[in-house]
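Here's the structure, in structure tokens; my notes come after.
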Amino acid sequence: DDDDDDVDDDDDDIDDEDEDHHEPPKRLTQLTHRGMAAHILQRQLGGMPRGGRSYLPTPTSDWRSETAAFHSGPQDIHYSTSHDGHPRCIPFCATACNNSSLVAIGDEEGRVRILDTSPASKFDRIHVCFQSHNNAIIDLAFSPDDTRIATASGDQTGKVIDMMTQAPISILGQHTASLKQVRFQPGRGGGHVLATSSRDGSIQIWDLRCHGGPVHDSITLERDAGLRYTTPRHITSGCAVNSFFGAHEVMPRHQTRSVAGLSTSALGTTTTTTDHADVAFRGEVLGRLSDVSVTAIHWLPAGREHLLLSACEADASIKLWDIRTIHTSRSHRAPVPLGYTAPPTSHTNWRHFGVSSLSLSSDASRLYALCKDNTVYAYSTSHMVLGPSPSGSTGSHSFASSRKPKHAPAEQMSGPLYGFRHDNFHATSFYIKSSLRPAQDGRSELLAVGSADGTPILFPTDERYFRSAIEAGTLNSQNGPDATFTATATVKNTTSATTNTFFSSSSSSSAASSIPGSRSTRTSMRLTSADRRDQDIPIIRSVGGVSYGTPLVRGHGKEVGALAWARGGSLVTISDDYLIRCWREDDGGAKARDLRVNGETEGRRWARGWAAVDAEWDEDE
23 DDDDDDVDDD DDDIDDEDED HHEPPKRLTQ LTHRGMAAHI LQRQLGGMPR GGRSYLPTPT
83 SDWRSETAAF HSGPQDIHYS TSHDGHPRCI PFCATACNNS SLVAIGDEEG RVRILDTSPA
143 SKFDRIHVCF QSHNNAIIDL AFSPDDTRIA TASGDQTGKV IDMMTQAPIS ILGQHTASLK
203 QVRFQPGRGG GHVLATSSRD GSIQIWDLRC HGGPVHDSIT LERDAGLRYT TPRHITSGCA
263 VNSFFGAHEV MPRHQTRSVA GLSTSALGTT TTTTDHADVA FRGEVLGRLS DVSVTAIHWL
323 PAGREHLLLS ACEADASIKL WDIRTIHTSR SHRAPVPLGY TAPPTSHTNW RHFGVSSLSL
383 SSDASRLYAL CKDNTVYAYS TSHMVLGPSP SGSTGSHSFA SSRKPKHAPA EQMSGPLYGF
443 RHDNFHATSF YIKSSLRPAQ DGRSELLAVG SADGTPILFP TDERYFRSAI EAGTLNSQNG
503 PDATFTATAT VKNTTSATTN TFFSSSSSSS AASSIPGSRS TRTSMRLTSA DRRDQDIPII
563 RSVGGVSYGT PLVRGHGKEV GALAWARGGS LVTISDDYLI RCWREDDGGA KARDLRVNGE
623 TEGRRWARGW AAVDAEWDED E
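At position 31 of the sequence shown (counting the first as 1) the number is 53 in this note's numbering, and the numbers step up by one without a gap.
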């Protein structure tokens with residue numbers, strides 16, 4: 023009994039203590055905030071914290087795991103030899119098949135050579151080679167089913183070639199200057215509709231189902247001349263079903279409409295000439311001096327295939343066209359686009375830079391524009407298609423979903439979300455391009471860009487690596503002091519130094535490249551603090567104290583221009599050093615690590631290239 027009394031007394035004491043120290047119940051912690059274990063459980067259950075482009079903060083890998091395994095050996099080199107008696111010829115462009123490991127290379131002699139990037143094949147051997155032009159081939163594109171290939175040449179024409187016979191089936195001859203790009207329409211186009219852009223400032227829409235008159239092709243006639251009899255080939259001139267003349271000329275103010283909350287310094291200040299002009303290469307035919315060259319075009323994917331994006335040499339503005347409603351003639355110039363983006367504020371305050379290439383992400387949510395200020399700008403295609411609301415935010419209406427009235431003004435679209443920049447990335451010419459590897463077959467999405475330094479750069483596009491820093495809004499605090507930017511007429515660009523560790527001012531740009539026949543000038547300009555405040559575009563240079571982006575070093579000795587991602591995940595780069603190189607991704611990264619760590623011993627680095635990452639990445643755990 024005494025023991026029972028003692029227990030009762032202890033219970034009473036505990037009850038008294040609970041009454042004296044009563045605490046409110048704690049709020050339940052959300053699953054997304056419970057650390058790594060919760061995120062692993064969430065991933066196993068198939069749930070995501072939010073809809074749309076979602077990500078898991080943890081567990082996450084280092085972004086270098088997506089790029090550090092690339093390497094290239096002597097067996098991955100193809101020498102661009104000439105067929106006209108010269109030792110070698112410069113390759114100009116590259117494109118990959120959509121359904122196989124083959125890539126097509128166009129050179130300055132007008133030939134197309136097909137190479138196989140499969141590890142089981144020899145990359146140095148030509149799979150197929152044929153002549154398509156008597157001038158340089160500036161761009162190539164395969165149809166969705168790879169049965170046709172389209173060429174854009176410096177002889178002012180393009181061709182559509184049957185890959186089975188390597189014979190042209192249509193000649194695209196409406197342009198009055200050398201062509202810049204050619205692209206097949208996805209979706210309902212079915213390989214019959216394509217677009218071309220040119221230095222004459224126009225964009226032409228072609229439909230191969232509509233035939234023009236018969237034409238004679240001198241190259242085909244020379245090929246057919248021989249002892250073997252072949253049936254005559256019927257070649258027709260292409261039929262342009264829509265034309266945008268003066269696509270990037272300055273639009274009158276009554277044809278533009280800016281929206282509150284967006285930058286208003288758009289095309290009203292666009293110039294038609296720049297000191298980084300799209301200068302013609304050797305052998306290319308010049309256009310008229312007053313035309314603004316359309317340097318890049320890109321279709322939106324299936325479902326929005328009636329929408330076409332374009333960029334030019336004069337500024338960084340991107341225009342959105344609806345090919346269903348717009349039609350112009352040479353006498354009625356300056357067509358009105360569906361919408362346009364304003365150039366970055368720093369460009370308006372200092373000088374304009376053109377765009378040389380456009381790439382679309384795997385899910386078509388991001389558009390990447392390679393700009394001549396040594397920056398790759400990322401845009402939201404949703405904002406482009408839906409259009410801004412009157413308050414400046416993304417609206418619920420879609421000015422791209424229905425036909426636009428004939429005389430309706432162009433809508434101003436949102437500017438860049440952010441940009442990529444790297445110390446080894448220098449876009450000194452319009453021949454430097456970008457290419458995006460889609461996320462498929464277990465491989466991540468990567469953006470590859472060429473460079474005048476001979477080192478292509480790989481940028482992982484997964485925004486989980488830098489989204490938190492952008493959302494933190496640390497741009498103003500990390501811009502650093504004012505800097506003096508000097509534009510010098512030299513071939514190699516020099517980027518001004520800043521004290522920024524994560525973001526840098528979007529106005530940090532390179533020196534102007536020299537222009538043949540122009541007088542060398544030197545100008546300098548100091549940005550004021552007010553200009554700094556206007557530069558609200560996050561420029562991503564480093565993440566976690568590590569420079570963002572991986573250069574592929576020692577692969578080339580001169581400018582790397584065009585690039586192409588092959589079906590198997592390999593990257594093909596072409597350069598002015600006459601080399602065509604294939605970069606392969608080693609499973610586990612052992613080969614690339616060996617080249618980085620063991621140096622030149624035993625000649626292991628001879629004729630090889632590798633992904634350059636920080637030394638800490640290769641340290642043994």
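Built from N, CA and C at the ideal position, the CB exists for glycine as well.
Range covered by the beta strand (DSSP E) that runs through residue i
i, result
"Thr397", "Thr397 to Ser402"
"Ser368", "It is not in any beta strand (DSSP E) - Ser368 instead sits in the alpha helix (DSSP H) that spans Thr367 to Asn371."
"Lys144", "That residue, Lys144, is in no beta strand (DSSP E); it is neither H nor E in DSSP."
"Phe152", "Val150 to Gln153"
"Cys334", "Leu329 to Cys334"
"His197", "It is not in any beta strand (DSSP E) - His197 carries neither H nor E in the DSSP assignment."
"Met186", "From DSSP, Met186 is part of no beta strand (DSSP E); its letter is neither H nor E."
"Tyr101", "Ile99 to Tyr101"
"Asp129", "Leu124 to Asp129"
Span of the alpha helix (DSSP H) around residue i
i, result
"His444", "Element bounds for His444: n/a, residue is neither H nor E."
"Glu493", "Arg489 to Glu493"
"Ala612", "Ala612 to Val619"
Cβ-based neighbour list, residue i, same chain, cut-off 8 Å, excluding 5 preceding and 5 following
i, result
"Gly107", "none"
"Glu467", "Ser383, Ser384, Leu458, Arg459, Pro460, Ala461, Pro482, Thr483 and Asp484"
"Trp639", "Asp84, Arg86 and Ala90"
"Ile644", "Here the chain covers residues 23 to 643 and nothing more, so residue 644 does not appear."
"His369", "Asp337, Ala338, Phe375, Asp395 and Ser529"
C-beta atoms of residue i and residue j nearer than 8 Å
i, j, result
"Ala338", "Pro366", "yes"
"Val125", "Val471", "no"
"Ala116", "Ile596", "yes"
"Gly583", "Tyr453", "yes"
"Val263", "Cys232", "yes"
"Asp138", "Ser154", "no"
"Arg626", "Asp616", "yes"
"Pro573", "Thr477", "yes"
"Ala614", "Trp632", "yes"
Residue i versus residue j - alpha carbon distance
i, j, result
"Asp246", "Glu433", "Confidence is the limiting factor: at Asp246 the pLDDT is only 48, short of 50, which leaves the residue's position unreliable, though a coordinate-based value still follows. Their backbone Cα atoms lie some 52 Å apart in a straight line."
"Pro482", "Glu88", "7 Å"
"Gly213", "Ala494", "45 Å"
"Ser387", "Thr169", "28 Å"
"Ser569", "Thr397", "14 Å"
"Ile562", "Ile241", "48 Å"
"Tyr390", "Pro438", "9 Å"
"Thr173", "His448", "27 Å"
"Thr103", "Phe488", "43 Å"
"Asp239", "Asn121", "30 Å"
"Ala163", "Ser200", "16 Å"
"Gly577", "Phe145", "15 Å"
"Ala629", "Phe152", "28 Å"
"Ser165", "Ala586", "15 Å"
"Ile171", "Met185", "7 Å"
"Ser564", "Pro96", "32 Å"
"His197", "Glu624", "55 Å"
"Ser285", "Ser379", "Caution applies to Ser285, whose pLDDT of 41 falls short of 50 and renders its modelled position unreliable; the value that the coordinates give is listed next. Taking the straight line from one Cα to the other gives about 23 Å."
"Ile340", "Thr51", "45 Å"
"Ile492", "Gly567", "15 Å"
"Arg326", "Ile191", "27 Å"
Supposed contact pair residue j and residue i - C-beta distance, whole angstroms, cut 8 Å
i, j, result
"Val316", "His270", "6 Å"
"Ile345", "Leu331", "That pair is no contact at about 12 Å."
"Arg707", "Ser94", "The requested residue 707 is not part of the displayed model; the chain covers only 23 to 643."
"Asp161", "Val134", "That belief does not hold up - the Cβ atoms of Asp161 and Val134 are roughly 12 Å apart, past 8 Å."
"Ile348", "Phe266", "6 Å"
"Tyr600", "Arg147", "Not quite, the Cβ-Cβ distance comes to about 16 Å (not below 8 Å), so this is no contact."
"Gly209", "Ala324", "3 Å"
"Gly571", "Ile479", "5 Å"
"Ser381", "Leu469", "6 Å"
"Tyr399", "Cys393", "6 Å"
Cutoff 6 Å; reference residue i; Cβ partners in own chain excluding five residues on either side
i, result
"Glu581", "Ala474 and Asp598"
"Val150", "Ile136"
"Gln188", "Phe152"
"Glu622", "none"
"Asp222", "His197, Thr198, Ala199, Gly309 and Asp313"
Residues near residue i in its chain [Cβ-Cβ closer than 7 Å; skip 5 each side]
i, result
"Met406", "Leu342, Gly361 and Met435"
"Ile193", "Thr179, Lys181, Val237, Asp239, Ile257, Ser259 and Gly260"
"His105", "Glu131 and Arg133"
"His100", "Leu137, Phe145, Asp146 and Ile602"
heavy atom of the ligand PLP below 7 Å from residue i C-beta
i, result
"Leu574", "With respect to the ligand PLP, the structure offers nothing, as it holds no ligand at all."
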